[in-house]
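In this note's numbering, the protein residues as written are 16 to 92.
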């Protein structure tokens, strides 16, 4: 058995600062990296930092990105 989460059904996420609504089925999970002027300056997994991250957009168009370890709960709706 697994705790399967369908990313297409995520309607909200709980981050340390509270609940955030997820708009337009925008929640996604993938490896991440930071770039500057088109050049990668840090990849997830380097320096002991998790490589798995999330991203989503809220109803106001604000975009959120972060490591999966910061998610405290996910709301499915």
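Quick reminder that beta carbons are idealized off the backbone N, C-alpha and C, glycines included.
Note that this is a predicted model, so its numbers are computed, not measured.
Anyone know if the C-beta pair for residue 37 and residue 28 falls short of 8 Å?
-> Yes. Within cutoff.
Locate the beta strand (DSSP E) running through residue 33, then write down its first and last residues.
-> For residue 33, the uninterrupted beta strand (DSSP E) segment begins and ends at 33-36.
The beta strand (DSSP E) spanning residue 51 covers which residue range?
-> Per DSSP, the continuous beta strand (DSSP E) segment holding residue 51 begins and ends at 48-51.
First and last residue of the beta strand (DSSP E) that includes residue 30?
-> Counted as a single uninterrupted DSSP element, the beta strand (DSSP E) harbouring residue 30 occupies residues 25-30.
Under 7 Å Cβ to Cβ from residue 85, same chain only, skipping five residues before and after it: list those, please.
-> Contacts found: 30 and 31.
Proximity to residue 43 [Cα-Cα], best of 76, 67, 17 and 88 = The candidate whose alpha carbon is nearest that of residue 43 is 67.
Quick one, are the C-beta atoms of residue 26 and residue 92 less than 8 Å apart?
-> Cβ distance < 8 Å, so residue 26 and residue 92 count as in contact.
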